[in-house]
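Just so we're aligned: the sequence shown equals residues 39 to 124 in my numbering.
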Amino acid sequence: MTPEHLPTEQYEAQLAEKVVRLQSMMAPFSDLVPEVFRSPVSHYRMRAEFRIWHDGDDLYHIIFDQQTKAASAWIASPPPVNLSTS
């Protein structure tokens with residue numbers, strides 16, 4: 039795959055493969071089905087840099103502004119996965 043040739047006819051198959059791969063990786067932690075947000079088949083590329091930070095028991099998703107590189111944090115509430123065993 040090169041920028042000159044993007045196999046747009048394979049978009050649905052590639053997306054389905056990614057969903058299956060993600061579900062397989064997350065299976066030990068959760069049986070939830072991911073919500074999928076489809077992109078347009080072409081002219082969709084956007085970049086985002088994010089990280090997941092924690093401070094004690096608090097979990098933060100950090101998104102970086104593309105222009106200023108400033109970080110914006112928000113608390114994941116409710117937590118994405120309930121890890122309690124009770």
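C-beta atoms are modelled at their ideal positions from N, C-alpha and C, and glycine is treated no differently. Because the structure is a prediction, the values reported are computed rather than measured.
Query raised in the report: So is the beta-carbon of D95 under 7 Å away from any non-hydrogen atom of the ligand SAM?
Result: The ligand SAM is not part of the structure shown, which contains no ligands of any sort.
Requested in this report: Compute the distance between the beta-carbons of E87 and F75, then report whether it is under 8 Å.
Outcome: no
Query - DSSP-derived helix/strand/coil call for A54 - result: Here DSSP, grouped into helix, strand and coil, assigns A54 to helix.
Query raised in the report: Roughly how many whole angstroms lie between the Cα atoms of I100 and P45?
Result: 32 Å
**Report entry** Backbone secondary structure at E73 - three-state DSSP
**Finding:** coil
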